[in-house]
Structures are given as structure tokens and as C-alpha cells.
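What follows is a short report on a single structure.
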Amino acid sequence: MMTLTLNVSSQFLSSKPDNYAVEARNYIDFIPIAPIQIQSKVTSASSNNEIKNQTTLEMSLDKQSVLNFIPNESMETTIQRFNADQTVSYLYSGRSVNKGTYRLIIDYNKYIIQSIEGDSDNDCVGYAKIGVGLRIIANINALKSNIDISSLVAIGKAASEGAISGSVGYEILGVESKEITAIIPINSEITSTINQVFLQAIGVVKGKIYDTDTRLYPQVIAVKHTGCDVKTITENLIGQYSTKD
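With the sequence shown counted from 1, adding 135 to any position gets you the working numbering.
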């Protein structure tokens, strides 16, 4: 059944143009959000192999407990288009976009996915990605049409050709380390070296996550809905995870 679902999804997307975009409520992947601190208690195995219900602040005192809580690792790309009517659309591919304003978000995360439940007023459910890592945000002004903005390599090339302009910034998600703060670059213009800088930053963050002097604070960093609007799923998320037990 899973194979069939993936094949149908793949066939659906392959039949669409490279600049195919949908509204947030129809977007089926995770949507990055500003990090939200978790106040409620979560379950994790400690370094002593004890199962504990604790806040992420309490968990941060035990590095292995955090690593046990966020066993998954991924790098995800999200492309947003800012429309003239002030709405935001999501692109499944950015290989051939038209003139306009876009945002490319790339997340490297250690994470876990947990469910978001509805409340008594609505049945909007979904999933929360809880984790730590590095986020790069490239704000792009496409000056021409048929431009590839699907990756850092692509936008670096487009910038060198004068096809786009814009800026790039970095966010450290739930990782406290003086070394990372000192090494991660500040906001800058998009250049042809952007991919190299990002890969270097990824290497630093990946190494420091396991460093004994690094404190980790898992936060909600992305959400995925099941057919309802993003505002409602975010409100349910805040109600579930930002309330102290």
C-alpha cells in the first residue's frame, strides 16, 4: 500500500510543471516555522537507560537523553513564493520559476516527529517535527523567468549570472555552542560560494551536536497538517506543547 501511495504521488508531481505551486493548506510536506519552545513534558530514555517524562529544559542536562529523543536525521528543502495578493505558495520544484520573490529554506535537523491533536473546537490534526539543527534562509528576487532556484548550487549560479539578487541568513535551532556562534557566517548577499559556506557550516554543527560542552534544546521547528489550515494546526500545536503539565 505504501509503495502504491508513493508511486501515485510521484506520478502526480511528475505531470506538473517545474514551477507548480500550491497554497499552504494543500501542501503535503512539512512547513518550517519559527522555533517554538516545548513547555510540556515528553518521554525519552536517559543516559542510564531510564524512561523519563521531562521537559526539554530538564532533558538538556543529559546529552544522551536528548540524542535518544531525536534519533532521526535529515536535510529538507522548502521553496516559498510570495504572491502579489500577499499570500504564500509552496513549490514542489524550483527548477524553472518566473520573475518574482521567493524564499529557499534548507534545514539540517536531528529530530523526532510527534502528533498534533485537535481540541474541543476543531478536529484539525497533524504532525510536529521536534529537533535541533541548522537552517539557512535565502530570500530571492528573481529578475528573469525560467530560473533554477531549487538548490544552493543553483541560486549561486543564478546570482553569478545576474539572474537573481537577494540575501542569505542562518539560524541555529536549539544548539547552544560558543564555537558554532563564532563560526557560523552572518547574513550576506547570495554569491556563487553559498553552497560551500553552507556545507562547512553543516559540518561544524554536526560535529558540535555530539560535543560534551554543547547543550541541546529540542524545539518544534516544522509542522505538517492533514487538510486543515496552517493557522489552526499551529494554534493546536501551541496549545499542546507550550502548556506546562
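Beta carbons: idealized from backbone N, C-alpha and C, even for Gly.
Would you grab the beta carbon distance between Leu278 and Ser300 for me? Rounded to a whole angstrom, and I think it's under 8 Å.
7 Å
So, helix, strand or coil for Leu334, using DSSP?
helix
Please work out which residues of its chain come closer than 6 Å, Cβ to Cβ, to Cys363, disregarding the five sequence neighbours upstream and downstream, and give them in chain order.
Cys259
What residue ranges within the segment 163–241 form continuous beta strand (DSSP E) runs of no fewer than 3 residues, ordered along the chain?
166–172, 177–180, 186–189, 207–217, 223–226
Within this structure, are the beta carbons of Ala156 and Leu226 separated by less than 8 Å?
yes
Spell out a yes or no on whether the segment 312–319 and the segment 174–184 are touching, meaning 3 or more CB-CB pairs, one atom from each, closer than 8 Å.
no
From Leu139 to Leu202, what distance separates their C-alpha atoms?
Its pLDDT being 39, under 50, Leu139 is placed unreliably in this model, and the value from its coordinates should be taken loosely. Using only the alpha carbons, I get a separation of about 33 Å.
Straight-line gap, Ala294 to Ser327 (C-alpha atoms, nearest Å):
7 Å
Among residues of its own chain, excluding the 5 on either side of Pro206, which ones have a beta-carbon nearer than 6 Å to its beta-carbon?
none
By Cβ distance below 8 Å, which residues in the same chain neighbour Val303 in space, the five residues on each side in sequence not counted?
Ile271, Ile272, Ala273, Asn274, Asn322, Ser323, Glu324, Ile325, Ile329
Do the CB positions of Glu306 and Arg350 come within less than 8 Å of each other?
no
Does the Cβ-Cβ distance between Gly261 and Ile251 come in under 8 Å?
yes
Determine the extent of the alpha helix (DSSP H) in which Leu278 is found, giving its start and end residues.
Taken as a continuous stretch (DSSP letters only), Leu278 belongs to no alpha helix (DSSP H), as it is neither H nor E.
Bridge partner(s) assigned by DSSP for Ile299
Ala277
Does DSSP put Glu370 in a helix, a strand or coil?
helix
Between the alpha carbons of Asn218 and Ile356, how many angstroms are there, rounded?
24 Å
So Val267 packs on Asn281, CB below 8 Å; how close in whole Å?
Rounded, the Cβ-Cβ distance is 37 Å, inconsistent with contact.
Under a three-way DSSP split, which group does Asn322 fall into?
coil
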